[in-house]
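*Asks:* Structure below; questions to follow.
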Amino acid sequence: ASTVPTTAEQNMANHASEHLQSTIMKVFANIEKGNLKEAMSLSTESLRIFNHEIGGQKRLTDLIEYKKLHAQLHFLRAQLFYLQHHNVEAVAELKRAVGYYQEYTPALNLLAHIYINHLEDLHQAKEYLLLSNTEKEGQLFVDFNRALEADAQEDLHE
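Structure follows, in structure tokens:
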């Protein structure tokens, strides 16, 4: 699963204040420099800014954009945890992201990836794969099917 921010993710602050936009861009700059500790600190700050500046000013018409941006901020934090091999923390952030925006495919795919490749929970992986509507020929399904086959082989040998 990709952990490098996409252009779309870098533009996620379009609906945010200048202060939040600036903080998010600092997160990405620190990721590029490999300074994950500072990036994590800034991502925490970006959530604080979001909740303070934007969360209190929501209009009902912007509710979907609000949820998407909130999900993207949690996804960013999840990526930072994942880059540091903190899979349990990454999963918690990803679940928060999906809680705000259930169709957020990048979060669903990273959840499936972590469950398949790191936590070895195929039941959970399948749940997130089905929710994400990922193409059945994609790498996640290849990994999932390979893990299922390995699991079946282990059952035969027991």
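Under the working numbering, the letters of the sequence shown match residues 8 to 165, in that order. Virtual Cβ for every residue (Gly too), placed ideally from N, Cα, C. Source: prediction; values computed, not measured.
1) Are the beta-carbon atoms of Leu117 and Leu101 separated by less than 8 angstroms?
2) May I ask you to report which of helix, strand or coil DSSP gives Gln109?
3) Within the continuous alpha helix (DSSP H) that includes Leu131, where are the two ends?
4) Is Gln79 near the ligand ADP, in the sense that its beta carbon is under 7 angstroms from a heavy atom of that ligand?
5) Excluding the 5 residues preceding and the 5 following Ile38 in the sequence, name in chain order all residues of the same chain whose CB lies nearer than 6 angstroms to its CB.
6) By DSSP, does Asn94 sit in helix, in strand, or in coil?
7) Just to confirm my understanding: we take Leu43, look at its own chain, exclude 5 residues before and 5 after, and list those with CB closer than 7 angstroms. What are they?
8) Quick one, which of Ala119, Ala85, His93, His120 has its alpha-carbon nearest Arg103's?
9) Looking at the unbroken alpha helix (DSSP H) that takes in Glu45, where does it start and where does it end?
*Replies:* In terms of the structure at hand:
1) yes
2) coil
3) Note on identity: in this sequence residue 131 is Gln, with Leu being the wrong assignment. First-last of the alpha helix (DSSP H) with Gln131: 129-139.
4) This structure lacks the ligand ADP; in fact it carries no ligand of any kind.
5) Ala46
6) helix
7) Leu87, Leu90, Gln91
8) Ala85
9) 43-56
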